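Okay, so here's the structure we're looking at.
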Amino acid sequence: MPKVFVYGSLKRGQSNAFMMDGAQFVAPARSVQCWRLVALPHYPALVWQQGPCRIAGEVWEVPETMMAELDRFEEVPVLYTRQEIEVELEAPDPAQPGRLLMAHAYFMPAALAAAGRELHEGCWPA
């Protein structure tokens, strides 16, 4: 099953978490690469540009049929694009590194995210 890295309103306890019904939660995770994360009025946006820190989120295993639903919800390709990135799962023992894997993530073009406030800690809600 495909894996999806969510970092905003799709996370557990957030406003759009219902979209993950039918998916299997894997673990909290962070992006391996540092990206830009910006806060827009109602949700964050991950930007495909080098940023100050690794992004905090969650990894979910998603049925193949659900990927198209998520793409529609995220308005791919108008508002977001879907890219595969490397993430590190949170390890049970904080002294140990977590398992690395590839997961899909949704990125907003920089021009559309320009009005957002930078989240320098890489975590939403801030």
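Numbering (this note's numbering) for the sequence shown: 15 to 140. Quick reminder that beta carbons are idealized off the backbone N, C-alpha and C, glycines included. Please read all numbers here as calculations on a predicted model, not as lab measurements.
### Task
Can you tell me which of 72, 82, 92 and 137 puts its alpha carbon nearest to the alpha carbon of residue 99?
For the purposes of this step, residue 99 is taken as residue 85 along the sequence shown, with counting starting at 1. It is 72.
### Query
Three or more beta-carbon pairs under 8 Å between the region 18-31 and the region 63-78, yes or no?
Yes: the two stretches touch, three or more of their Cβ pairs being nearer than 8 Å.
### Task
Within the region 91-121, note down every full alpha helix (DSSP H) run reaching 4 residues or more, in order along the chain.
none
### Query
Contact check, residue 133 vs residue 51 under 8 Å by CB: the rounded distance?
For the purposes of this step, residue 133 is taken as residue 119 along the sequence shown, with counting starting at 1. For the purposes of this step, residue 51 is taken as residue 37 along the sequence shown, with counting starting at 1. Contact flag correct, Cβ pair sits at about 4 Å.
### Message
Given a cut-off of 9 Å on the beta-carbon distance, is the pair residue 45 and residue 119 in contact?
### Response
Counting from one through the sequence shown, the residue named residue 45 turns up at place 31. Counting from one through the sequence shown, the residue named residue 119 turns up at place 105. It is a contact, given that the beta carbons lie within the stated cut-off.
### Query
Tell me which same chain residues have a C-beta within less than 6 Å of the C-beta of residue 49, skipping the five on either side of it?
Position 35 of the sequence shown holds residue 49. Only 60, 65 and 69 meet the Cβ criterion.
### Query
How many angstroms separate the CA atom of residue 62 from the CA atom of residue 82?
As a first step, residue 62 is located in the sequence shown; it is residue number 48 there, counting from the start. As a first step, residue 82 is located in the sequence shown; it is residue number 68 there, counting from the start. So the two alpha carbons sit approximately 21 Å from each other.
### Task
Decide if residue 116 is buried, meaning its Cβ has at least 16 other Cβ atoms within 10 Å, or exposed.
For this step, residue 116 is matched to residue 102 along the sequence shown. So residue 116 counts as exposed.
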